[in-house]
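Visitor: Questions regarding the structure given below will be posed in turn.
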Amino acid sequence: MASLRSTPFTARPGLLGALLLLATLALAGALAQQATRAAASHRATAEGMLGDYAAIAAWQFTREARSWLGFGMSQAENVIAREIPAPGKGPLPGPEMLRRVLAEKECDCVTAGFARTVFRVTRAPAAQLDADGDPLSAATRTALLDLFARDTTPAQGPRRWRMLVPGQPALPHADDMVLLWRIPEGATAGARTPTRAFYGMVVEVAQIRRPLEGAVGDAELLPASLTGSMPRDSLVSLAVGGPGSPPLFRHGRTTSPQFAAIDTVGLDYGALNVTATIRPEAASVLIIGGLPATRIPQIIALLALTLAVGIGALLLLRREQQLARLRDDFVSGVSHELRTPLTQIRTMSELLESGGFRTEAERQRATSVIHREALRLTNLVDNVLQFATLRRRPKHAPAQSIRLEDVIAEAREAFLLLAATRGSKLEVHGRTDILVRGDRDALIGILRNLLENALKYGPPDQTVRIRIDRPNGTARLAVEDQGPGVPIGARERIWRPYHRLERDQNAPAGGSGLGLAVVAELTALCGGRAWVEDAPGGGARFVVELPLASDPVVGA
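Once you know that position 237 of the sequence shown is 222 in the numbering used here, the rest is easy, because the numbers rise by one and skip nothing.
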C-alpha cells in the first residue's frame, strides 16, 4: 500500500484531473472554433450568393429600364426634330409645340398629356425661358437657366435628350422632374457644339412609372432555371429612386435590405438608382438547402455538455481516489485489528503448550485472554462478511416478535469478559417487557457493535449503560459511554462505510470503519433508524429506534 500511495497518480489526483479537464475543454473549444468558422464561412458564402443574385436582378432591370425609357424619349426626339428649322431658316417654335407634336408619335410612353408645364430655353441674347402651363418653381427655373448657360449637357449627335431628377448634379436645387431635349447649333454637332435651345416638360412621377412597369414585365430578373414558375415578386423586390430622394417606383413587397444590390440606370436617365433585394424566404429556392441556420446555440450546448462531462469525470476520479484512500485505511485498520488479537492468541497458546504458566490461575487468565481476543476476531470477521452480504444482496429482515431483554442479555454476556479486562462495567436500565419486530441475529449484531465501540473508544474503568425505553409507540435502545463523544459536524458521516474520525485514525485502538455502517444497514433492514447524540453524563449516546411488535414472542 505504501508504494501505491507514492505514485504521482494517487499523490496528485486533483492536479491530474484538472489538467485532463483543461485539455478536454481546450480540445472542445478548438473544435467548436473550427465548427463556428466553418458555419460562418458557409453562411457567408450563401449570403454572398444571394447578394450576387440581387446584383443580377438589378442589372437585368436597369438594362430593360434604359430600353423602355430611351425608346419613348428617342421617338419624341424624332418628332421634335421635324418641327425645328435649320439655323438661319426661321425662328424656333414656342414651347406649346411640344403638346402638339408629342401627340403624333406612336409610343405613348412619353406624352405631353402628363406634363404640368412645357418650356423652351433659348439665347436672346442671354438665356431666356418661356413656359406654357403651370408656372415653374423658382428653383427649377434657376436650375434650368444655369444648366443652359453652362452648356454641360454633352452632345453625342445632332440632338440629345436627358431626364433630370431632383437631387441629380445637373439640377442640384430643383424640385421638379424634367424631360429635356437639347437642340444643338448646326446640322452636324459634336461634343463641343454649342447648345441652340432646350425643349422640355415638367412631368408627374406617373410618367416615369409607366415605362418602369413595362421594364419589369420584360426583364428576366433571375434565370428561369432557378425560379421555375414562382412569381418574381415573391423572390425579388425592386425600388427605383433618384439620388437622395424617396423611391419613385416599387415592385414587390418591401423586405429587409440584407441581401440587396444597387445599379444605376445612367446619367441620361436622371441617375436613377435601382435597388434589387432578394427576399430571405427565397433562399430555399435559390440555394440548395436554403440559408444555413446559425450553429451558435448547438455549439454552446455541446460545450456545456463537454464541460459537464469533464466535471463529472473529475468528480468520479476524485471519488475513486477517495475510495482508494478509504480502502487503504480499511486494510490498514483491519490489519491492525487482526494483528493485536492474533499476537495475543499466539503468545498465550505457545505459553500454554510449552508449560510456561506455573499456576492454575495463570493458565485460566491465558484462557480468558484467548477467549477475549477470539471474540474480537469473531466480531471483526462478522462485520466484514455481514457488510459485504448486505451490500451484495440487500433484503428485508424476517418479521419476528423478539423480547428485547433477551437480546440485551445475550450481547452483554458476550462482552462481560472484555469489559472486565478494561475495568469497565455494563449496566442495563429501563423496561424489560418490550417486544420488537425484526431479526434476532440483526439485533444482536447491532448491540454487539455498539458495545464494542463503547468499550474500545471509552476510557478504562468506565460504566457503559444500556437503556431500554418505549416512547411514542416505538422501542428505543440506547448505549451510553463515557468517552470523548462524537463532534456534531461528524454525526452524519460516521454511519458511512470505512469512515473514521480524524482523532481515531492514528489512535492505538484500531478499527475497520464498518461497525457503525453495519449498525445503520441492520437497523434499516429491521424498519428502524439510528442516530448519535450527547450522553447525559458526557460521552456518546447511540440510539436505535425499532418498531414494536404485538405478536407473541417467537419460541415463548
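Backbone N, C-alpha and C fix where the C-beta goes; we use that ideal spot for every residue, glycine too.
Keep in mind that this is a model prediction, so the values were computed, not measured.
Tell me which same chain residues have a C-beta within less than 8 Å of the C-beta of Val517, skipping the five on either side of it?
Guide: Taking the first residue of the sequence shown as 1, we reach residue 517 at position 532. Val471, Arg476, Ile479, Ala525, Arg526, Phe527 and Val528, listed in sequence order.
Visitor: Going by CA-CA distance only, name the one from Ala267, Gly185 and Pro196 that's closest to Pro277.
Guide: Within the sequence shown, the letter at position 292 stands for residue 277. That would be Ala267, whose Cα lies nearest to the Cα of Pro277.
Visitor: Kindly indicate which three-state DSSP category Ser222 falls into: helix, strand or coil?
Guide: Here the question's residue 222 lines up with position 237 in the sequence shown. Of the three classes helix, strand and coil, the one that applies to Ser222 here is strand, per DSSP.
Visitor: Any idea what DSSP makes of Phe527, helix, strand or coil?
Guide: Your numbering for residue 527 matches position 542 in the sequence shown. In this structure, Phe527 counts as strand in the three-state DSSP scheme.
Visitor: Going straight from the alpha carbon of Ser222 to that of Thr212, what length do you get?
Guide: The residue given as residue 222 occupies position 237 in the sequence shown. The residue given as residue 212 occupies position 227 in the sequence shown. Distance between the alpha carbons of Ser222 and Thr212: 14 Å.
Visitor: Below 8 Å between beta carbons: does that hold for Gly295 and Thr9?
Guide: On the sequence shown, residue 295 is found 310 positions in, with the first residue counted as 1. On the sequence shown, residue 9 is found 24 positions in, with the first residue counted as 1. Taking 8 Å as the Cβ cut-off, Gly295 and Thr9 qualify as a contacting pair.
Visitor: What's the gap between the Cα of Arg485 and the Cα of Gly498?
Guide: Position 500 of the sequence shown, counted from the start, is the residue given in the question as residue 485. Position 513 of the sequence shown, counted from the start, is the residue given in the question as residue 498. Using only the alpha carbons, I get a separation of about 6 Å.
Visitor: Here's a check: name, in chain order, each residue in its chain whose Cβ is nearer than 6 Å to the Cβ of Asp454, leaving out the five neighbours to either side.
Guide: Against the sequence shown, residue 454 aligns to sequence position 469. Gly415 and Arg461, listed in sequence order.
Visitor: Would you call the CB atoms of Leu80 and Ala116 closer than 8 Å?
Guide: For the purposes of this step, residue 80 is taken as the residue at position 95 of the sequence shown. For the purposes of this step, residue 116 is taken as the residue at position 131 of the sequence shown. The question names Leu, yet the displayed sequence has Pro at residue 80. Result yes, Cβ atoms of Pro80 and Ala116 sit closer than 8 Å.
Visitor: For Leu337, I'd like the list of residues in its chain whose CB is within less than 6 Å of its CB, leaving aside the five on either flank, ordered along the chain.
Guide: Reading the sequence shown from its first residue, position 352 is the one you call residue 337. Around Leu337: Ala351.
Visitor: So, at 8 Å on beta carbons, what are the nonlocal neighbours of Leu4 in its own chain, with the 5 sequence-adjacent residues on each side left out?
Guide: Residue numbering aside, residue 4 sits at position 19 when the sequence shown is read from its first letter. Hits under 8 Å: none found.
Visitor: Cβ atoms of Leu299 and Ala17: under 8 Å apart, would you say?
Guide: Within the sequence shown, the letter at position 32 stands for residue 17. Within the sequence shown, the letter at position 314 stands for residue 299. No. Outside cutoff.
Visitor: Give the C-beta separation of Val421 and Ala534 to the nearest angstrom, bearing in mind that I take them to be a contact with Cβ-Cβ under 8 Å.
Guide: Taking the sequence shown and counting its residues from 1, one reaches residue 421 at position 436. Taking the sequence shown and counting its residues from 1, one reaches residue 534 at position 549. At roughly 6 Å, the Cβ-Cβ gap stays under 8 Å, so Val421 and Ala534 are in contact.
Visitor: Check for me: the beta strand (DSSP E) holding Pro232 runs from which residue to which?
Guide: Taking the first residue of the sequence shown as 1, we reach residue 232 at position 247. That run of the beta strand (DSSP E) goes Pro232 to His236.
Visitor: Are the stretch 107 to 115 and the stretch 192 to 203 touching by the rule of at least three beta carbon pairs closer than 8 Å?
Guide: Cβ pair count under 8 Å is below three, so no.
Visitor: Between Leu233 and Val187, which are expected to be in contact by the criterion C-beta below 8 Å, what is the C-beta distance as a whole number of angstroms?
Guide: Reading the sequence shown from its first residue, position 248 is the one you call residue 233. Reading the sequence shown from its first residue, position 202 is the one you call residue 187. The pair is not a contact, with the Cβ atoms about 15 Å apart (cut-off 8 Å).
Visitor: Does DSSP put Asp391 in a helix, in a strand, or in coil?
Guide: Translated into the one-based positions of the sequence shown, residue 391 becomes position 406. Of the three classes helix, strand and coil, the one that applies to Asp391 here is helix, per DSSP.
Visitor: Let's test the definition: count the other Cβ atoms within 10 Å of the Cβ of Asp248 and tell me whether it reaches 16, buried, or not, exposed.
Guide: By 1-based counting over the sequence shown, the position of residue 248 is 263. Answer is buried; the Cβ neighbour count reaches 16.
Visitor: Throw me the rounded Cβ distance for the Thr459 and Ser409 pair, which I believe falls under 8 Å.
Guide: Within the sequence shown, numbered from 1, the residue matching residue 459 stands at position 474. Within the sequence shown, numbered from 1, the residue matching residue 409 stands at position 424. That belief does not hold up - the Cβ atoms of Thr459 and Ser409 are roughly 29 Å apart, past 8 Å.
Visitor: Rounded to the nearest angstrom, how far is the Cβ of Gly423 from that of Pro444, given a contact under 8 Å?
Guide: Locating residue 423 in the sequence shown gives position 438, counting from the first residue. Locating residue 444 in the sequence shown gives position 459, counting from the first residue. Actually they are not in contact, since the Cβ atoms of Gly423 and Pro444 sit about 32 Å apart, beyond 8 Å.
Visitor: In chain order, what are the residue ranges of uninterrupted alpha helix (DSSP H) at least 4 long that sit wholly in the stretch 445 to 510?
Guide: Fully enclosed alpha helix (DSSP H) runs of 4 or longer: 487 to 490 and 500 to 510.
Visitor: Who are the near neighbours of Gln246 in its chain, counting only those whose CB is closer than 7 Å to its CB and skipping five residues on each side?
Guide: For the purposes of this step, residue 246 is taken as residue 261 along the sequence shown, with counting starting at 1. For the sequence presented, residue 246 should be read as Ala rather than Gln. If we look at Ala246 and ignore the five residues flanking it on each side, its Cβ neighbours are Gly36, Ala39, Ala40, Ala43 and Ala261.
Visitor: Who are the Cβ neighbours of Arg452 in its own chain at under 6 Å, not counting the five residues just before and after it?
Guide: In the sequence shown, counting from the first residue as 1, residue 452 sits at position 467. The residues are His414, Gly415 and Ala463.
Visitor: DSSP has Leu114 in a bridge; who is on the other side?
Guide: For the purposes of this step, residue 114 is taken as residue 129 along the sequence shown, with counting starting at 1. Per DSSP, Val106.
Visitor: Just reading off the beta strand (DSSP E) that Ile247 is part of, what are its end residues?
Guide: Looking up residue 247 in the sequence shown gives position 262. Note, Ile247: beta strand (DSSP E), Ala245 to Thr249.
Visitor: Taking the alpha helix (DSSP H) that Ile429 belongs to, which residues open and close that run?
Guide: If you number the sequence shown from 1, residue 429 lands on position 444. Unbroken alpha helix (DSSP H) run through Ile429: Arg425 to Tyr442.
Visitor: Please decide whether Glu506 counts as near chain B, where near means a Cβ-Cβ distance under 8 Å.
Guide: Among the chains of the structure shown, chain B does not appear; only one protein chain is present.
Visitor: Strictly by DSSP, which residues pair up with Thr262?
Guide: For the purposes of this step, residue 262 is taken as the residue at position 277 of the sequence shown. Looking at the DSSP assignment, Thr262 forms a beta bridge with Ser222 and Ala245.
Visitor: What are the boundary residues of the alpha helix (DSSP H) that Phe183 is part of?
Guide: Counting from 1 along the sequence shown, the entry for residue 183 is found at position 198. Segment Thr180 to Val188 is the beta strand (DSSP E) holding Phe183; no alpha helix (DSSP H) there.
Visitor: Kindly list the residues whose CB is nearer than 8 Å to the CB of Arg280, restricted to its own chain and excluding five residues on each side of it in sequence; keep chain order.
Guide: Locating residue 280 in the sequence shown gives position 295, counting from the first residue. Result list for Arg280: Ala20, Thr21 and Ala24, in chain order.
Visitor: Give me the residue from Gly14, Leu220 and Met58 with the minimum Cα distance to Ile285.
Guide: As a first step, residue 285 is located in the sequence shown; it is residue number 300 there, counting from the start. The shortest Cα separation from Ile285 among Gly14, Leu220 and Met58 belongs to Gly14.
Visitor: If we count the other Cβ atoms within 10 Å of its Cβ and call it buried at 16 or more, is Ala100 buried or exposed?
Guide: Looking up residue 100 in the sequence shown gives position 115. Buried, by the Cβ-count rule.
Visitor: Suppose the cutoff is 8 Å on Cβ atoms and the five residues either side in sequence are ignored; what does the same chain contact list for Val270 look like?
Guide: Translated into the one-based positions of the sequence shown, residue 270 becomes position 285. Around Val270: Leu211, Thr212, Gly213, Met215 and Leu220.
Visitor: Return yes when the Cβ of Ile69 is within less than 8 Å of the Cβ of Leu77, no when it is not.
Guide: Sequence index remark: in the sequence shown, residue 77 carries index 92 (1-based). Sequence index remark: in the sequence shown, residue 69 carries index 84 (1-based). Against a cut-off of 8 Å, the Cβ pair of Ile69 and Leu77 comes out as a contact.
Visitor: Can you check which of these residues, Asn434, Leu507, Ala11 and Leu302, is closest to Leu365 by C-alpha distance?
Guide: Along the sequence shown, one-based indexing puts residue 365 at 380. Ranking the options by Cα distance to Leu365, first place goes to Asn434.
Visitor: If I measure Cβ to Cβ from Leu323 and keep anything under 8 Å in the same chain, skipping five residues before and after, which residues do I get?
Guide: By one-based count along the sequence shown, residue 323 stands at place 338. Hits under 8 Å: Leu362 and Leu365.
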